[in-house]
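These notes are about the structure you will find just below.
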Amino acid sequence: MKTLSKDDFVKIADGLMDRVNKEYPEESSPMVNKVATIAIDMCNCFFQEYEKMKNE
Numbered sequence: 001m002k003t004l005s006k007d008d009f010v011k012i013a014d015g016l017m018d019r020v021n022k023e024y025p026e027e028s029s030p031m032v033n034k035v036a037t038i039a040i041d042m043c044n045c046f047f048q049e050y051e052k053m054k055n056e
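The opening position of the sequence shown corresponds to residue 1 in full-length UniProt numbering, with each subsequent residue numbered one higher.
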């Protein structure tokens with residue numbers, strides 16, 4: 001089983017941002033940016049918890 005890295009989570013966050021931008025191109029930029037920021041925060045939190053579990 002492959003161990004996930006920070007780069008893997010960055011790729012996931014980037015993919016989420018791309019998806020939001022593709023799904024809602026007509027929406028206002030601040031809303032899209034907010035959703036993308038939330039997606040990045042979620043990936044960062046998940047990565048931190050993953051690292052804690054891996055080190056236990």
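Built from N, CA and C at the ideal position, the CB exists for glycine as well. Predicted model, so just to flag it, every value in this text is computed and none were measured.
To the nearest angstrom, how far is the alpha carbon of residue i from that of residue j?
i: G15; j: E56; result: 29 Å
i: M53; j: K34; result: 29 Å
i: C43; j: A36; result: 11 Å
i: R19; j: E49; result: 24 Å
i: E51; j: M17; result: 23 Å
i: I40; j: A13; result: 5 Å
In this structure, how does DSSP classify residue i when only helix, strand and coil are distinguished?
i: P25; result: coil
i: T37; result: helix
i: L4; result: coil
i: E49; result: helix
State yes or no: is the C-beta of residue i within less than 9 Å of the C-beta of residue j?
i: K6; j: F47; result: yes
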